[in-house]
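**Student:** Quick note: the sequence shown uses this note's numbering, first residue 104, plus one each step. Glycine residues also receive a C-beta, built at the ideal position from the N, C-alpha and C atoms.
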Amino acid sequence: MKIAFDVDVLAKQMDINRMVHQVADWGYKYIEQSPHPRINPFYKHPLFSKECEAEYRKALRETGVEISSFIVVYRWSGPTEEQRKMAVENWKRMIEIAVDMGVPVINTEFSGDPNQQEICNGMWYRSMEELLPIIEREGLRVEVQSHPYDFCELNNEACDLVKSFRSPNLGYVYSSPHGFFYDEGKGDVRSMLKYAGDELTHVLFADTFNQTLDCRYIANPPWLNQRGKSDVTIHQHLAMGEGDVDFDGIFETLREMDFANRQLKADAPKVGGDNIACVSMFGFPEKMDKQAPEARERIERELL
């Protein structure tokens, strides 16, 4: 199992060289490269100039850190056909970048619009029909997560969408800070992880509050609170223990599932190498020097 750090919070504060060295200083061996304005910006076509690639490769050599995975977020589920087509072109370029960089995994979101689920579902399948043959040809693993305000927000439905392709090149990402959206506030992490089963190749570790409980979050104007998808979704990416997520249940279930070793076995269900446990905390950059190493140490203690 690879333990990675999502560098979203660092990319907003420092250049690529400092970002990679900071991850190494915190004791991580892997970076999960979330959308970055010079590499894989949100929704837009990938960039990654020769100068940017050289800077990144140099920092990786200096530190011994590797990129476990890229995160991309594109409108591959529309809701318009123009958006979908542009997203597919973005995907094709990002696949080229991943192959060139020797990165075996791309982590993504369903995107779309929860108020247009039917059209977005169809758009997503149309995009997958174009992209999956390329993904399989290149030997990559693409992992999909459901994000708040995606056309699909529920854990079991998201798993079923991934499972429908029966492909070793597709996996499922369980994002713990999104979990209260996944089962509409129950927070039954054990049930959700077990339902994912062998599709589960990636877990994001961060805490959040249960947005379905009164006054966990307060939005203004007041009618936005608990009005549903058409108005607002809200969550956080805090350090483990600062919110409502049942991390004891997550770790216990991952041990029962042998998550740390499953992809290392001869009958590994997916391509792309090790499963990934990624620390995905964004909320308080000023606390990261303490919280980032602590999160890594807890994952090591609980799962390795």
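Can you give the Cα-Cα distance for ASP301 and ASN120, rounded to whole angstroms?
**Tutor:** 36 Å
**Student:** Residues in its own chain within less than 6 Å of TYR159 by CB, not counting five upstream and five downstream?
**Tutor:** ILE119
**Student:** Is it the case that the Cβ atoms of PHE312 and ASP347 are separated by a distance below 7 Å?
**Tutor:** One thing to note: PHE312 has its Cβ within 7 Å of the Cβ of ASP347.
**Student:** Would you kindly report the start and end of the unbroken beta strand (DSSP E) that includes GLU165?
**Tutor:** Not the beta strand (DSSP E): GLU165 falls in the alpha helix (DSSP H), residues 153-166.
**Student:** Pairs of beta-carbons, one from the segment 368-378 and one from the segment 312-323, closer than 8 Å: are there three or more?
**Tutor:** no
**Student:** Let me know the secondary structure DSSP gives GLN248 once reduced to three states.
**Tutor:** Note: GLN248 maps to strand in three-state DSSP.
**Student:** Look up ASP310 in the DSSP assignment and say whether it is helix, strand or coil.
**Tutor:** strand
**Student:** Distance, Cα to Cα, LYS141 vs VAL126?
**Tutor:** Looking at the sequence shown, residue 141 is not Lys but Arg. Roughly 18 Å separates the two Cα atoms.
**Student:** Over what stretch of residues does the alpha helix (DSSP H) that includes ILE198 continue unbroken?
**Tutor:** 184-204
**Student:** Determine whether the beta carbon atoms of SER172 and ASN210 lie at a separation below 7 Å.
**Tutor:** yes
**Student:** Using C-beta distances below 8 Å, list every residue in its chain close to LEU406, excluding the 5 sequence neighbours before and after it, in chain order.
**Tutor:** MET104, PHE354, LEU357, ARG358, PHE362, ALA363 and ALA380
**Student:** Would you say GLU246 and GLY274 are within 7 Å of each other, going by their C-beta atoms?
**Tutor:** yes
**Student:** Taking 7 Å as the cut-off, decide whether the C-beta atoms of ALA458 and VAL123 are in contact.
**Tutor:** There is no way to answer for residue 458, as the model of the chain reaches only from 104 to 407.
**Student:** Spatial neighbours of SER278 within its chain, please: C-beta separation below 6 Å, excluding the five flanking residues on both sides.
**Tutor:** GLN248 and LEU307
**Student:** For the segment 292-301 against the segment 251-269, do three or more pairs of beta-carbon atoms, one drawn from each stretch, fall closer than 8 Å, so that the two count as touching?
**Tutor:** yes
**Student:** Just the Cα atoms here: how many angstroms apart are MET200 and TRP129?
**Tutor:** Checking the sequence, you will find Ile at residue 200 rather than Met. One C-alpha to the other measures close to 26 Å.
**Student:** Looking only at C-alpha atoms, which of ALA371, GLY386 and LEU367 sits nearest to HIS338?
**Tutor:** The residue among ALA371, GLY386 and LEU367 with its C-alpha nearest the C-alpha of HIS338 is GLY386.
**Student:** Measuring straight from C-alpha to C-alpha, what distance separates ARG164 and GLU154?
**Tutor:** Approximately 15 Å, taken between the alpha carbons.
**Student:** Looking only at DSSP bridge pairs, what is THR211 linked to?
**Tutor:** Within the DSSP secondary-structure output, THR211 pairs in a beta bridge with VAL175 and VAL247.
**Student:** Using CA atoms only, rank isn't needed, just tell me which of SER270, LYS132 and ASP392 is closest to THR166.
**Tutor:** The alpha carbon of THR166 has as its nearest neighbour, out of SER270, LYS132 and ASP392, the alpha carbon of LYS132.
**Student:** Indicate the three-state DSSP secondary structure (helix, strand or coil) for VAL276 in the structure shown.
**Tutor:** strand
**Student:** How is the beta strand (DSSP E) around ASP109 delimited, first residue to last?
**Tutor:** 105-109
**Student:** Evaluate TYR228 with the Cβ neighbour count: other Cβ atoms within 10 Å of its Cβ, from every protein chain shown; 16 or more gives buried, anything less gives exposed.
**Tutor:** exposed
**Student:** Tell me, which residues are paired with ALA380 by DSSP?
**Tutor:** ILE106 and VAL306
**Student:** I need the straight-line Cα distance from TRP179 to ASN224, nearest angstrom please.
**Tutor:** 10 Å
**Student:** Grouping DSSP H, G and I as helix and E and B as strand, with all else coil, what is TYR298?
**Tutor:** It is helical.
**Student:** By the DSSP assignment, the beta strand (DSSP E) with TYR133 in it spans what residues?
**Tutor:** 133-136
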